[in-house]
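Let me begin by presenting the structure, written as structure tokens, before commenting on it.
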């Protein structure tokens, strides 16, 4: 991959409507900060190469390089990336979860991993109304307190940086595909740091089709409900067509046509719906409100899931072929749309300048015709 510094990151990503506020460039130095879902540079930096650029999931992402590191093979044409097993799942009785959103799979797995020492810390997202911020948790019993779904972009990758700075060696993290891709960049040691060891212990990715710009989302909500007392957001499966927002003043339904106006343009460049570079990916099972879809991708991810099932922290069954096909179709559609836009704007495999993605040209051609 090509490496550059903060100047190129600002001009090529932040000012070019590519930044998704993942936080990969934050908590590395005093220069970058996250504010209301936006990434801002406070001071100028003269370095020609920096971690801020190297960790960003929106610039010079080498799909073959990351795939080779995580899976031992180049990036392919699979709709959902590499995986071992796809299951339906929900929290088991041993997890003892009293409240959770959807089916509790993620909370159960993170609690189990932290309790068993598979990870020594967990980076999760705390919600302050609409805003999300990363929190590093070391007490498994605290995990359920961060289970609520949030739809606004949050700088979760900065929490991974904070955990590394604190000296944790087996960091667990829950994030959306862009945040997971940032962690994948970090894991490959793009700055070629001496004596580097992969600091991740378990990466759990969340299915995502889009996130919301915090500022734009706030503008929508101000006219609808009491923002200070918001308790929960939920998007029911089709044909509902609304986001349900529960607050102290009651529940309001906001049409998704209005909500989509708050989706940042950077989301349209994302080719990954299911967090392909995670150890485990989890998403909502449409039409089955009390179940998740659970994808294991790596050996350590599969081992954690099997151990959690054996310990009663998780209940799971193999997902049917029809459901897998539908998930694959949705994932491929998102991938093709994003790759087509990147190609149209010369942001993939660019011969000159900086690219968002770099991948095998033959694989790209095959994906375009699938």
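Numbering (our numbering), first residue to last: 33 to 402.
A virtual CB, placed ideally from N, CA and C, is assigned to each residue, including glycine.
- For residue 336, the enclosing alpha helix (DSSP H) stretches over residues 331–342.
- Under the DSSP assignment, residue 264 falls in the beta strand (DSSP E) whose first and last residues are 264–266.
- Secondary-structure assignment with DSSP links residue 278 through a beta bridge to 264 and 283.
- Secondary structure of residue 379 (DSSP, three-state): coil.
- The shortest C-alpha to C-alpha distance from residue 320 to any of 304, 371, 305 and 351 is the one to 351.
- The shortest C-alpha to C-alpha distance from residue 277 to any of 261, 296 and 292 is the one to 261.
- In the DSSP assignment, residue 119 falls outside any alpha helix (DSSP H) and lies within the beta strand (DSSP E) extending over 117–123.
- Taking 8 Å as the cut-off, the Cβ atoms of residue 86 and residue 223 count as close.
- Under the DSSP assignment, residue 153 falls in the beta strand (DSSP E) whose first and last residues are 153–160.
- In chain order, 158 place their CB closer than 6 Å to the CB of residue 165, counting only its own chain and leaving out the 5 sequence neighbours on each side.
- In its chain, beyond the 5 residues on either side, 62, 63, 64 and 65 have a beta carbon closer than 8 Å to the beta carbon of residue 74.
- Sorting 41, 335, 282 and 359 by C-alpha distance to the C-alpha of residue 84 places 41 at the top.
- The residues 46, 51, 53, 55, 57, 58, 64, 65 and 187, in chain order, have a CB closer than 8 Å to that of residue 71 in the same chain once the five nearest residues on each side in sequence are set aside.
- Residue pairing from DSSP places residue 328 in a beta bridge opposite 117 and 312.
- In the structure shown, the three-state DSSP call for residue 92 is coil.
- Residue 394 is not a Cβ neighbour of residue 122, given a cutoff of 8 Å.
- In this structure, residue 237 places its C-beta atom within 8 Å of the C-beta atom of residue 313.
- Under the 10 Å beta carbon count, residue 303 is surrounded by 16 or more other beta carbons and is classified as buried.
- Contact annotation: the region 335–347 does not touch the region 261–275, with fewer than three C-beta pairs closer than 8 Å.
- Straight through space, the alpha carbons of residue 232 and residue 225 are spaced by roughly 16 Å.
- With distances taken between CA atoms, residue 221 lies nearest to 93 out of 379, 297 and 93.
- Here residue 285 is exposed. Its C-beta has fewer than 16 other C-beta atoms within 10 Å.
- A Cβ-Cβ distance of about 7 Å is found for the pair residue 168 and residue 198, placing them in contact under the 8 Å criterion.
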